[in-house]
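Numbering that gives the first Met the number 0 applies: residue 0 is where the sequence shown begins, and numbers increase by one.
Backbone N, C-alpha and C define an ideal beta-carbon position, used for all residues, glycine too.
All of these numbers come straight from a predicted model, not from anything done at the bench.
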Amino acid sequence: MLLAVDVGERPVTTIEGLAPADGLHPLQQAFIDADAVQCGFCTSGML
0 MLLAVDVGER PVTTIEGLAP ADGLHPLQQA FIDADAVQCG FCTSGML
C-alpha cells in the first residue's frame with residue numbers, strides 16, 4: 000500500500016478497475032459470499 004503522493008506519474012489500478020464490465024472481480028464476490036463486508040469504509044483496504 001502506498002500514499003497517493005508516492006505513486007507519482009505511475010498508473011494506479013483499483014479493485015474496481017479489475018472487475019469485468021458486467022460483474023464483480025472474484026475477490027469482490029468472495030467478500031460478499033462470506034459476508035465479510037462491513038460498513039464499506041475499510042473494505043477497499045482489506046481487499
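Using the C-alpha atoms, what's the distance from A18 back to P25?
-> Approximately 8 Å, taken between the alpha carbons.
Anticipated Cβ contact below 8 Å, F30 with T42, distance rounded = Right, their Cβ atoms sit about 7 Å apart.
Near E49, what residues of its chain come up, given a Cβ to Cβ distance below 6 Å and the 5 sequence neighbours on each side ignored?
-> Here the chain has residues from 0 to 46 only, and residue 49 is not among them.
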